[in-house]
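Under mature numbering (1 follows the signal peptide of the UniProt record, and there is no 0), residues -19 to -1, 1 to 424 are what the sequence shown spells out, in order.
Shown next, in structure tokens, is the structure this report addresses.
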Amino acid sequence: MAIALVSPLAAILFAAVLAFWGLKSPAGSLCLKSSPIRNVAFTPHQVPLDCQSTCPGGAHSDPGNRLSKAEARYRGQVHGPESLAFDPSGCGPYASIADGRVMRRRCDLAAQDDATWRTGSGSGWDDGARVDDVWETFALTSADRNASCGSGSGWEDVCGRPLGIRFNKRTGDLYIADAYKGLQKVGPQGGVAETLLTEVEGQPMMFTNDLDIDSDGFVYLTDSSDKYRRRQYMLELAEAGPYGRLIKYDPSSGVAQVLMRGLRFANGVSLSRDESYLLVCETTVSRIHRFWLKGAKAGTSEVFAHLPGYPDNIRRGRIAATSGVVDDNGNSMASEGGDFFWVAIHTRRMAFISWLQRQPWLRTALLSLSVQVPVKKTALILGLDGDGNVVEVLEDVNGRRVTTISEVEERVIYEKQGDERSIQRRELWLGSVINDYIGVYTL
Ligand SMILES: *[C@@H]1O[C@H](CO)[C@@H](O)[C@H](O)[C@H]1NC(C)=O
């Protein structure tokens, strides 16, 4: 009862304080004019936090602060590399970037580039690429691009904004989830991507986000919102509406169906190793769902994990970093079934955001005043086993070297000694939708 009484009062005080800040800040004088919800039918929802007080917040830390030892590579050469992928021959990474292109680290220079970074020549960890022109354009998600592309998110619907990318390992085709252009595909030679899907069950996809491909070629993808576009992602988070969908696309018939709906910011997707289930991140509610594809529970879903922050993409890891127990293919044997997933956390959950999520009207007030909630920049990635347990945590608490990670792509480098193949090193390539570099951490 005390909480019920205190909450509205605290909310009013809090709103007053923030409004005061907002109006006093240098940009404050413009705030009232530039409210992001001025021309939007903003209808905030209560967020059903099913874990409430037990939702992990500060839990799961990395005492070694290991990501502060990551390298920030290619600074200034790749803007907003949200998603990273290596092709079936191991070349890459390919990176989906902010101006509508998918870039590729040149295969002919990759070995040389790796060697330079490994030996650490140069003045430090952080002085950009040491090999010239290591990146080349691989694919475009829009045929209509022009000189405006890359000059801000306002042009994204013209230029495209590729987010999740994955190779179909059998065909070598690269599948692209472009936030504005929908599901796309481009052949191994690259070029302008072909659009495969822009609506499902009669409803347009407004914010296509991520995808995975099974061994039969079916594509599983997310549409984060059927209301807001990517550049309005803050509104999508603030409104917290059940607008996201998990979708299955059949490449032979071109038909798609909705597998899950009502997700609050559907984001990263990943199949399990045996393809019996699919994980889908629900960013606003900081959790992951498991959708069963095979077995007795096929067609149903359950909550797989509650997270200490807001998840972006999820990718299968081949190795559990601590256990180091792997099968012949380098797959983790950390848990029964051997599943291991890397989840990139955009930002840590803050108690005060969770509280704000239960105050819809206050969110409207804050947005009307253009008050920005300060968020601590940090880097946090989690390794989850096949039961949803967090078994690995890596972070750069103060975001000194890397921040705001969107995706973790694990790359295993093997060494051949006679007939034996052993693991020489394991690298985590770290994408980010906002940074202008790619992080690399060697486990
Ligand atoms: C690029 O295309 C858009 C849409 O057609 C147009 O509004 C914009 O002015 C163009 N930019 C340039 C630099 O031509």
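Here a beta-carbon is modelled for each residue, glycine too, at the ideal position from N, C-alpha and C.
Secondary structure at THR100: helix, using DSSP grouped into helix, strand and coil. At least one heavy atom of ligand 1 falls within 7 Å of the beta-carbon of SER129. The three-state secondary structure of SER15, taken from DSSP, is coil.
Membership of PRO292 in the beta strand (DSSP E) is indicated by the continuous run 290 to 297. Taking a cut-off of 8 Å for Cβ pairs, the segment 229 to 236 and the segment 40 to 48 do not touch, as fewer than three such pairs fall below it. Around ARG210, the same chain offers GLU137, ASP138, ALA160, TYR161, MET187 and PHE188 as residues with beta carbons nearer than 8 Å, after the five sequence neighbours per side are excluded. With fewer than 16 neighbouring CB atoms inside 10 Å of its own CB, VAL354 falls in the exposed class. Between ALA158 and LEU144, the beta carbon gap of about 5 Å places them in contact (Cβ cut-off 8 Å). Uninterrupted alpha helix (DSSP H) stretches at least 4 residues long and entirely within the segment 349 to 410 do not occur. Counting C-beta pairs closer than 8 Å gives fewer than three between the segment 396 to 405 and the segment 58 to 77, which falls short of the contact rule.
Counting along the chain, PHE119 sits inside the beta strand (DSSP E) bounded by residues 116 to 121. VAL139 has its Cβ nearer than 7 Å to a heavy atom of ligand 1. Residue state for GLN165 is assigned as strand, using DSSP reduced to three classes.
For GLN27, the three-state secondary structure derived from DSSP is coil.
With contacts defined as CB atoms closer than 8 Å, PRO223 and GLY249 fail to qualify as a contacting pair. In this structure, DSSP gives ARG212 a helical state, which the three-state scheme calls helix. Within the DSSP secondary-structure output, ARG86 pairs in a beta bridge with TRP116.
Cβ neighbours of LEU240 within its own chain (closer than 7 Å, five residues either side excluded): LEU227, ILE228, LYS229 and PHE272. A distance below 7 Å between beta-carbons, with the five flanking residues on each side excluded, links THR265 to the following residues of its chain, in chain order: VAL28, LEU218, ALA221, ARG245 and PHE246.
Judged by their CB atoms, ASP377 and LEU48 are nearer to each other than the 8 Å cut-off. The DSSP-derived three-state label of PRO74 is coil. Between the alpha carbons of SER134 and GLU396 lies a gap of roughly 43 Å. With distances taken between CA atoms, GLY276 lies nearest to SER257 out of SER257, LEU288, PHE67 and CYS262. As a beta-bridge residue in DSSP terms, THR203 pairs with LEU227. If you look at TRP323, you'll find it in the beta strand (DSSP E) that goes 321 to 329.
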